[in-house]
Amino acid sequence: MLRLHSGDLNRLLRLLDPLLVMGLFVLLVSGPMGPDRFGQNALLSTLLVGLVTALILPQFKLYQSYRQSSLLTLMRRLTTSWLLVVGGLLALAFGAKVSETFSRVNVTAWATLSWAVLFAIHVGGRKLLRWHRIRGRNSRTILYWGLAEAAIEFHQRLQVAPYLGLRLAAWFSPQPPRISAHLPAGMPRCGGNLSDLRRWLNSHQVDQIVFSFVSQSDMSMHDLIRFFGDTCIPVAYAPTWVAPGMTFHPEMVGGQPCLELWRPMDSVLDRQLKRSFDLALAGTAVLLLSPLLLLIALAIRLTSPGPVLFLQDRYGLDGRRFRIYKFRTMRVVEAGDQKGLRQATRNDPRITPVGAVLRRWSLDELPQLLNVVQGNMSLVGPRPHAVDHNEQYRRLIPGYMQRHLFKPGITGLAQVNGFRGETATLEAMAQRVAADLEYQREWSLGRDLKILIKTVLHIRSPNAY
0 MLRLHSGDLN RLLRLLDPLL VMGLFVLLVS GPMGPDRFGQ NALLSTLLVG
50 LVTALILPQF KLYQSYRQSS LLTLMRRLTT SWLLVVGGLL ALAFGAKVSE
100 TFSRVNVTAW ATLSWAVLFA IHVGGRKLLR WHRIRGRNSR TILYWGLAEA
150 AIEFHQRLQV APYLGLRLAA WFSPQPPRIS AHLPAGMPRC GGNLSDLRRW
200 LNSHQVDQIV FSFVSQSDMS MHDLIRFFGD TCIPVAYAPT WVAPGMTFHP
250 EMVGGQPCLE LWRPMDSVLD RQLKRSFDLA LAGTAVLLLS PLLLLIALAI
300 RLTSPGPVLF LQDRYGLDGR RFRIYKFRTM RVVEAGDQKG LRQATRNDPR
350 ITPVGAVLRR WSLDELPQLL NVVQGNMSLV GPRPHAVDHN EQYRRLIPGY
400 MQRHLFKPGI TGLAQVNGFR GETATLEAMA QRVAADLEYQ REWSLGRDLK
450 ILIKTVLHIR SPNAY
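What the sequence shown shows, in numbering that gives the first Met the number 0, is residues 0 to 464, in sequence order.
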């Protein structure tokens, strides 16, 4: 049976994309203008459209394998590259003083429809490849070297993502298990030690080798690199000390190759884009919600003695402290105690009647819109914890403080995924931190918008008390 490979499909798309864009240009721009107005420039302009498209789109990795990339990555690359194509063509038309020749309506329609068609074709190709991979076609085989526990975990990761088309063909270990009855269904038996692996490679083919370093073995990391480097097969290293949210981004530091384990938002454009998004939405929200804010402040003042706002120090971006604003929901004595570690619990006697309503509907968080306007917080990001909670959990959860590489948010991925309210166990907090670090690793403006929409739709939470 013929196997559909992503390389074949990408080569086809690389040829098809410029042709489609050229066809739509003729249909929507040059065709409606007629030969009298467009004249001999029709062919030249159409060819130029195809040439610019063919030159720019590949520069944004549109025709590389999307086996392990998200749909959001595809959309971002296509949108960025297509905007550059359209911008480049408009600049050329303006420089050649022929921009007035074109209808703005027709050009806008062409640019919009072309993007939509390109996106649909690339998504369709991605879906087609995944359909084939789930059915065992276009699969890549992997040989794994490591301890049984790590090999089992690796196999299970592949099993839950069949659309990737990755299959464990064999695995070997420095400590081969004596029995294989505990292996998951579909997992091959251990093939033996390193000598057995060498013999296996002489009679089998695999697409990739993945190995993890085992300190208990007789071979050093240097020995393993020399061994696997003596093959003609792509090799990947799988560290066994992975913590949540690690990016493993390659980085050169003073000429020294390094792996950046946790990565901040280092793009100036991304930072400015997120900040502009925050200012626009938070500023608008403050204006629109000002009557509600005044009503809540009045209700707190009339029903409970003490200040309207509860102020508390929190860790912000880069671990710098800032003062967070919340509507006061507890009685003054307890609310003013910033030293204790006690979190609010269900039916907590410290919470006032008005405070219970505010907490249930998350209205106590509204003053944090002012924190966003000030620049201490973002609309979306890891929720800032009390300083004492930070000091407690940073000792217990690896990578906990790395969540401060982003500005803290009013809402976040952890909150819309159910990790909201009281964290009664260490495991619950670890899951929340893992979600925060995943958000940082996979950040995009589109994801921020999605989280905000989910927050509004599920603003009333049973875990908020």
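Yeah, the Cβ is synthetic: ideal placement off N, Cα and C, and Gly gets one too.
At what residues does the beta strand (DSSP E) containing residue i begin and finish?
i, result
"D387", "Note, D387: premise wrong, no beta strand (DSSP E); alpha helix (DSSP H) at 386-392."
"V379", "377-379"
What do you reckon, are the CB atoms on residue i and residue j nearer than 7 Å?
i, j, result
"R359", "T328", "no"
"P397", "A296", "no"
"P471", "M428", "Residue 471 lies beyond the residue range present for the chain, which begins at 0 and ends at 464; the question has no answer from this structure."
"G244", "L73", "no"
"L83", "I120", "no"
"P187", "V213", "no"
"A108", "L27", "yes"
"L23", "S80", "no"
"F326", "D363", "yes"
"N201", "P175", "no"
"I458", "V415", "no"
"Y314", "N389", "yes"
"G411", "R393", "no"
"L146", "F171", "no"
"Q207", "P238", "no"
"L395", "A284", "no"
"A90", "S98", "no"
"G524", "F405", "This structure cannot settle anything about residue 524, because the visible part of the chain is limited to 0 through 464."
Which value, in whole angstroms, describes the spacing of the CA atoms of residue i and residue j?
i, j, result
"M220", "S211", "9 Å"
"P249", "Q401", "18 Å"
"H403", "D265", "14 Å"
"A298", "L71", "44 Å"
"V371", "I452", "18 Å"
"D222", "C257", "20 Å"
"D16", "I323", "50 Å"
"S275", "L378", "11 Å"
"P290", "P306", "19 Å"
"P183", "A235", "23 Å"
"T45", "V85", "13 Å"
"L12", "Y62", "7 Å"
"P352", "R76", "50 Å"
"V331", "Y162", "55 Å"
"I133", "V209", "22 Å"
"L260", "V205", "29 Å"
"S64", "G6", "7 Å"
"R139", "V51", "34 Å"
"T424", "R431", "11 Å"
"R320", "L268", "25 Å"
"L293", "G354", "15 Å"
"T78", "G94", "24 Å"
"G185", "A433", "29 Å"
"D336", "Q391", "With a pLDDT of only 46 at D336, under the threshold of 50, the placement of this residue in the model should not be trusted; the figure read from the coordinates follows. Computed Cα separation, rounded: 17 Å."
"R349", "L280", "33 Å"
"D229", "I141", "17 Å"
"L157", "L448", "30 Å"
"A160", "A115", "28 Å"
"A53", "L47", "10 Å"
"R446", "K60", "21 Å"
Check whether chain B comes within 7 Å of residue i, counting only Cβ atoms and requiring the distance to be less than that.
i, result
"H131", "Although the question refers to chain B, the structure presented lacks it and comprises just one protein chain."
For the alpha helix (DSSP H) that contains residue i, what are its first and last residues?
i, result
"T140", "Careful: T140 lies outside any alpha helix (DSSP H), inside the beta strand (DSSP E) at 139-144."
"D435", "425-440"
"E148", "147-158"
"S80", "70-94"
"F118", "103-133"
"P352", "352-359"
"L448", "444-456"
"Q494", "Outside the shown range of the chain (0 to 464) lies residue 494, about which nothing can therefore be said."
"V28", "Taken as a continuous stretch (DSSP letters only), V28 belongs to no alpha helix (DSSP H), as it is neither H nor E."
"L368", "367-373"
Would you mind giving the Cβ-Cβ distance between residue i and residue j, rounded to the nearest angstrom? I have them listed as a contact below 8 Å.
i, j, result
"G190", "A169", "5 Å"
"G49", "V20", "6 Å"
"L165", "H154", "Not a contact, Cβ separation roughly 10 Å."
"T246", "R270", "Actually they are not in contact, since the Cβ atoms of T246 and R270 sit about 17 Å apart, beyond 8 Å."
"G444", "K273", "Position check: residue 444 holds Leu in this sequence, whereas Gly was assumed. Indeed they touch by this definition, with Cβ atoms about 7 Å apart."
"G123", "L8", "About 10 Å; that fails the 8 Å criterion."
"V386", "D312", "5 Å"
"P366", "L286", "Not really, about 15 Å apart at Cβ, beyond 8 Å."
Length-filtered (4 minimum) alpha helix (DSSP H) runs lying within the segment 390-419: 412-415
Please list the segments of the alpha helix (DSSP H) lying wholly inside the segment 164-250, counting only runs of 4 or more residues, in order along the chain. 193-202, 220-228
Runs of alpha helix (DSSP H) wholly within the segment 237-320 (minimum 4 residues, chain order): 267-302
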